[in-house]
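Asker: Got a structure for you, written out below as structure tokens; questions coming shortly.
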Amino acid sequence: MVLIKKNDNVKNDELYPRIKNLSYSLQYIQFIKKVISDINLTSVLWTQNVKALVIQGASVIESIFDYLVKCNGLANKTEWSKVRALNTSEYQIENKKFKNEVIIHEKLDSEKDMQMSFDQMAKKVEKKKLLGENYQHYSSINALRKLRNKIHIHDSEHYLDTDWNNFNDSQYQLVCKILHSILTSELFEDSDYTDKFDFLISSFKKNIEM
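Quick note: the sequence shown uses the working numbering, first residue 3, plus one each step.
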């Protein structure tokens, strides 16, 4: 990972685990692709493997975006740290019961980075063109982010909002295309290993048990 290197805005102790976890996830993605391509699966198992591929791929992209935002000094900042939350006693107003929660914050000696959501990071990456002025797939990243949120299997918006309907060939191609385009973008132009990610765009045989 040539991109992930020492930077004034990123702590050194973050680099090693980030690089290793990215590597682990990419190996797992390659394994999932191999399973999808080589093993005769039921349609349900095929769909669940595509879902796993989307979740892993989105996690890799989110980690790269987190690094990009931080190393460019674009992370949201705060000068406050939450210490504790206090709850008041229950009280009643016009036959309705209420209670209050008071959040206590302590002011820090200096600002620190805030934890940002995938959506917040993706918007900054696109606005600041952190993947390069010529990157072609900024508009597709939001669709992938929404798919990644389908990890919460209890959170359905309607009765057809199921894994079966949400993960298919199109989503498979989407995550592979975006992940490959990022890993071979100008961010990694000094890398000698970009061809190692060709497995992401290689053709596959959809083995589904009939």
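Backbone N, C-alpha and C define an ideal beta-carbon position, used for all residues, glycine too.
Following the continuous alpha helix (DSSP H) through Q175, name the residue where it begins and the one where it ends.
Answerer: As a working mapping, residue 175 is identified with position 173 in the sequence shown. Start and end: D171 to L185.
Asker: Bridge partners of K84, per DSSP?
Answerer: Taking the sequence shown and counting its residues from 1, the one referred to as residue 84 is at position 82. Answer by DSSP bridge pairing, in chain order: H107.
Asker: Given that a residue counts as buried once 16 or more other Cβ atoms are within 10 Å of its Cβ, and exposed if not, what is M212?
Answerer: Locating residue 212 in the sequence shown gives position 210, counting from the first residue. Summary for M212: the model assigns pLDDT 45, below 50, so the residue's position carries little reliability, and this model does not support an answer.
Asker: Using a Cβ-Cβ cutoff of less than 6 Å, which residues in the same chain neighbour S142 once the five nearest sequence positions on both sides are dropped?
Answerer: Numbered from its first residue, the sequence shown carries residue 142 at position 140. Counting only Cβ-Cβ distances below 6 Å, and skipping sequence neighbours, we find I180.
Asker: Just curious, the alpha helix (DSSP H) that I203 is in, first and last residue?
Answerer: Start at 1 with the first residue of the sequence shown, and residue 203 comes out as number 201. Neither: I203 is in no alpha helix (DSSP H) and is coded neither H nor E.
Asker: Compare the C-alpha of L5 against each of D194, F201 and S204 and name the closest.
Answerer: For the purposes of this step, residue 5 is taken as residue 3 along the sequence shown, with counting starting at 1. Nearest C-alpha to L5: D194.
Asker: For E191, collect the residues of the same chain with a Cβ closer than 7 Å to its Cβ; drop the 5 residues on either side in sequence, then sort them by chain order.
Answerer: Looking up residue 191 in the sequence shown gives position 189. Hits under 7 Å: none found.
Asker: Round the Cβ separation of I105 and K125 to the nearest angstrom and send it over; I've been treating them as touching at under 8 Å.
Answerer: Walking along the sequence shown from the start, residue 105 turns up at place 103. Walking along the sequence shown from the start, residue 125 turns up at place 123. That belief does not hold up - the Cβ atoms of I105 and K125 are roughly 26 Å apart, past 8 Å.
Asker: Taking DSSP as the reference, what is the three-state secondary structure of Q117?
Answerer: Sequence index remark: in the sequence shown, residue 117 carries index 115 (1-based). Note: Q117 maps to coil in three-state DSSP.
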